[in-house]
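**Student:** Can you read through this structure? Questions will come right after.
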Amino acid sequence: MLLEFLTVYFFVSIVSIVYLGCYIITNKSMSQLKDVVYLVSSFAVYFFGYMIELHSNSMETALFWNQFQYFSLPFVSSFWLMLALRRYGYLNKVISLRGISLFIIPTITFFLRLTNEFHHLFYSGYSFEIAGEMGILHLYHGPWYYVHYAYLLLQLVLANILFILAFVKSRGARQKQMIALSAINMVSLGVTLITTFGIVKTGLDFNAIVLPVPGILFSYLIIKADVFNINAFARIRVFQDSDEGIIVFDEKNRIVDYNKKAYGFFEEQGLTLNSVDVSTFRALKPKFINALMCADKTIFKDSLVSDGRFFEFSTTNIVDSYQRDCGYIKSIKDVTEEIKYQMALEHSAKIDEMSQLLNRGEFIRQTEECVAIAETKTRTIHLIMLDIDRFKKINDKFGHQVGDAVIVTISRLLKHSFRGEDIIGRFGGDEFVIMLSGVETADVINRAEDFREKLAGRRIISSHQDYQVTASVGIAVYKKGMTVDQLIGCADEALYEAKDKGRNKVCIYKDSSE
Numbered sequence: 002m003l004l005e006f007l008t009v010y011f012f013v014s015i016v017s018i019v020y021l022g023c024y025i026i027t028n029k030s031m032s033q034l035k036d037v038v039y040l041v042s043s044f045a046v047y048f049f050g051y052m053i054e055l056h057s058n059s060m061e062t063a064l065f066w067n068q069f070q071y072f073s074l075p076f077v078s079s080f081w082l083m084l085a086l087r088r089y090g091y092l093n094k095v096i097s098l099r100g101i102s103l104f105i106i107p108t109i110t111f112f113l114r115l116t117n118e119f120h121h122l123f124y125s126g127y128s129f130e131i132a133g134e135m136g137i138l139h140l141y142h143g144p145w146y147y148v149h150y151a152y153l154l155l156q157l158v159l160a161n162i163l164f165i166l167a168f169v170k171s172r173g174a175r176q177k178q179m180i181a182l183s184a185i186n187m188v189s190l191g192v193t194l195i196t197t198f199g200i201v202k203t204g205l206d207f208n209a210i211v212l213p214v215p216g217i218l219f220s221y222l223i224i225k226a227d228v229f230n231i232n233a234f235a236r237i238r239v240f241q242d243s244d245e246g247i248i249v250f251d252e253k254n255r256i257v258d259y260n261k262k263a264y265g266f267f268e269e270q271g272l273t274l275n276s277v278d279v280s281t282f283r284a285l286k287p288k289f290i291n292a293l294m295c296a297d298k299t300i301f302k303d304s305l306v307s308d309g310r311f312f313e314f315s316t317t318n319i320v321d322s323y324q325r326d327c328g329y330i331k332s333i334k335d336v337t338e339e340i341k342y343q344m345a346l347e348h349s350a351k352i353d354e355m356s357q358l359l360n361r362g363e364f365i366r367q368t369e370e371c372v373a374i375a376e377t378k379t380r381t382i383h384l385i386m387l388d389i390d391r392f393k394k395i396n397d398k399f400g401h402q403v404g405d406a407v408i409v410t411i412s413r414l415l416k417h418s419f420r421g422e423d424i425i426g427r428f429g430g431d432e433f434v435i436m437l438s439g440v441e442t443a444d445v446i447n448r449a450e451d452f453r454e455k456l457a458g459r460r461i462i463s464s465h466q467d468y469q470v471t472a473s474v475g476i477a478v479y480k481k482g483m484t485v486d487q488l489i490g491c492a493d494e495a496l497y498e499a500k501d502k503g504r505n506k507v508c509i510y511k512d513s514s515e
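Per my numbering, residue 2 is the first one in the sequence shown, and the count goes up by one each step.
Have a look at this one:
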């Protein structure tokens, strides 16, 4: 009766394993699961050999089918460990020779079992008995038997560590799958210990009797739970290894899942991303959370970092098969390089490289804005234009490097001599302009004179202490209805008047029609 039960039990297990192998081979999305096919094929050979061994009526027949089992049995644990390594991204860190090295000891075991009659290193002896209708082969362990099973136990322990690591990195349904795989592994580990040390003395192979049960669970995980689907693994790897932080929300704004980038970004903000309700962080980091939860694409500047980083938050809606909203995905992308590059482009488009003052185009644009405001609010506007006296002579006598140093020094002096709200620009060459708003004419003249005197009293060219750099200055007052070009033209006329009067002078434009 027991023999019939075990025969049916093993037959069903073998059919299930063959079905699983065929399912994987014919399913395109699983066509790359070769490790699983090798694993289940090994189990099929093992269970079939042991089933026939139980029907043996002589030691010779039993030994033949026992030897048949060792065409697959030594390699089962190696296939299992390789499966865990490959599917969780560790085998790609191991060069192919090390992958092959997993099978060195199993291969030695296979040949030692095949030639055991000559050395008895694997089995030291055998005995055979008929128990009811079953043939029971008693095997006595040799030294290599313990080497092989120690290696098998080591592989199972390593595989379990990998499943635990995968559990830590996963969430939701994937965590349950990792628990199931770890449970299968622990059952195999326990059965191997019992078999190795002969704790259960029934004469039956305890491994063969127990392992079909976790094998059925393993088949379910592959076929129904999608645990080793290559597409699912690809999605998981893309999700976890993405350069963007990704957080998945359900339709009630609760966190369903997130990747390690998102977790790290929250850590930088002093937050731990383990709550299902992100609104609990709003009181701690309102700007950050408001930017995150905004439906539109938002740029957030991380003020916690000294040089400032910029992050872009974007939203992708998730719909089910009925086109109903069932949640959304928040992506967090570091756009610091793009933003800073854009800022650098904008800066270079507005700023004169040498002087670090506004260039001609940007100065005119900002002045036009001030003139437009002055038209409606009746604010005073003055424009100062200055020119370095005999600048060409400086370049010719001392060289362009000295000329450039003079430009830089005068630019810095202008920044220190005028207010922060005054618009200061370099028109090109040795010509500078300053636009002042809301200042009386007398005050503007005083500031211009103060700058002229500071410049004349400063020795810029150090190799010639007696060489004095001076500037001529022209001032124009804005009158209602004037264009910016007209205002610049008036300042230019006043500047040439200062030059005509002997340079190093300040002159204000006077309308001849008045």
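Using N, Cα and C, we set each Cβ at its ideal position, and we do this for glycine too.
Every value quoted in this text rests on a predicted model; they were computed, and no experiment measured them.
(1) So R366 is in the alpha helix (DSSP H); what residue range does that whole segment cover?
(2) Quick check: the segment 411-431 against the segment 439-457, are at least 3 beta-carbon pairs closer than 8 Å?
(3) When DSSP labels each residue in this structure, what does F1 get in the three-state scheme?
(4) How long is the line joining the alpha carbons of I25 and V37, rounded to whole angstroms?
(5) Cutting at 8 Å between CB atoms, please list the residues of its own chain near S59, excluding the five before and the five after it.
(6) Given a threshold of 16 other Cβ atoms within 10 Å of its Cβ, counted over all protein chains shown, does K262 qualify as buried or as exposed?
(7) Among the residues of its own chain, which have a CB less than 6 Å from the CB of G404, if the five just before and after it don't count?
(8) What residues in its chain sit with their C-beta under 7 Å from that of T196, if we drop five residues either side in the sequence?
(9) Look up K302 in the DSSP assignment and say whether it is helix, strand or coil.
(10) Do S412 and R391 have their C-beta atoms within less than 8 Å of each other?
(11) Can you give me the C-alpha to C-alpha distance between K1 and A373, rounded to a whole angstrom?
(12) Assuming L414 contacts K378 under a Cβ cut-off of 8 Å, what Cβ separation, rounded to an integer in Å, is found between them?
(13) Comparing alpha-carbon positions, which option in S17, H383 and A85 lies nearest A492?
(14) With respect to the beta strand (DSSP E) encompassing V432, which residues constitute its N-terminal and C-terminal limits?
(15) For K94, count neighbouring Cβ atoms within 10 angstroms of its own Cβ and tell me buried if that reaches 16, exposed if not.
(16) CB P213 to CB S73, shorter than 8 Å?
(17) In terms of alpha-carbon separation, which member of F312, T368 and Y479 lies closest to K524?
(18) Roughly how many angstroms separate the alpha carbons of L218 and V279, rounded to a whole number?
(19) For N360, count the other beta carbons within 10 Å of its own beta carbon; 16 or more makes it buried, fewer makes it exposed. Which is it?
(20) How many angstroms separate the CA atom of I333 from the CA atom of L205?
(21) Measuring straight from C-alpha to C-alpha, what distance separates D512 and I389?
(22) Reducing DSSP to helix, strand and coil, say where N58 ends up.
(23) Going by other Cβ atoms of all chains shown within 10 Å of its Cβ, with 16 needed for buried, is F112 buried or exposed?
(24) What does the Cβ neighbour count give for R459, buried or exposed, with the cut at 16 atoms within 10 Å?
(25) Counting along the chain, where does the alpha helix (DSSP H) carrying H120 start and finish?
(26) Under a Cβ-count criterion, where at least 16 other Cβ atoms within 10 Å of its own Cβ denotes burial, should I1 be classed as buried or exposed?
(27) So what's Y468 in DSSP terms, helix, strand or just coil?
(28) Should Q70 go down as buried or exposed, given a rule of 16 or more other Cβ atoms within 10 Å for buried?
(29) Of the residues T193, F198, I162 and L194, which one's Cα is nearest the Cα of S183?
(30) At which residues does the beta strand (DSSP E) containing C327 begin and terminate?
(31) Do L122 and P107 come within 8 Å of each other at the CB atom, strictly closer than that value?
(32) Do you know whose CA, among F76, E118 and H120, lies nearest L103's CA?
(33) Rounding to the nearest angstrom, what Cα-Cα distance links D431 and I408 in this structure?
(34) For E441, count the other beta carbons within 10 Å of its own beta carbon; 16 or more makes it buried, fewer makes it exposed. Which is it?
(35) Between the alpha carbons of E539 and F80, how many angstroms are there, rounded?
(36) So, helix, strand or coil for A499, using DSSP?
**Tutor:** Per the coordinate set shown:
(1) R361 to K378
(2) yes
(3) In the structure as shown, the chain starts at 2 and stops at 515, and residue 1 therefore has no counterpart that could be examined.
(4) Each residue's alpha carbon lies about 8 Å from the other.
(5) Excluding residues within five positions, the ones whose Cβ falls inside 8 Å are F129 and G136.
(6) buried
(7) I395 and N396
(8) F207 and N208
(9) strand
(10) no
(11) Nothing can be reported for residue 1, as the shown portion of the chain is limited to 2 through 515.
(12) Incorrect: roughly 31 Å between the Cβ atoms, too far for contact.
(13) Of the candidates S17, H383 and A85, H383 places its Cα closest to the Cα of A492.
(14) Correcting the residue identity first, residue 432 is Glu in this sequence and not Val. Where E432 is concerned, the enclosing beta strand (DSSP E) stretches over E432 to S438.
(15) With a pLDDT of 44 at K94, under the threshold of 50, the modelled position of that residue is not reliable, and the figure given next carries that caveat. Looking at its Cβ environment, which holds fewer than 16 other Cβ atoms inside 10 Å, K94 is exposed.
(16) no
(17) Here the chain comprises residues numbered 2 to 515, so residue 524 is not present and cannot be evaluated.
(18) 37 Å
(19) buried
(20) 58 Å
(21) Using only the alpha carbons, I get a separation of about 25 Å.
(22) coil
(23) exposed
(24) exposed
(25) N117 to H120 is the span of the alpha helix (DSSP H), which, as asked, contains H120.
(26) Past the boundaries of the shown model lies residue 1; the chain is included only from 2 to 515, so the question cannot be answered.
(27) Residue state, collapsed to three classes: coil.
(28) buried
(29) I162
(30) D326 to D335
(31) no
(32) F76
(33) 7 Å
(34) E441 comes out exposed.
(35) There is no way to answer for residue 539, as the model of the chain reaches only from 2 to 515.
(36) In the structure shown, A499 sits in a helix (DSSP, three-state: H, G or I).
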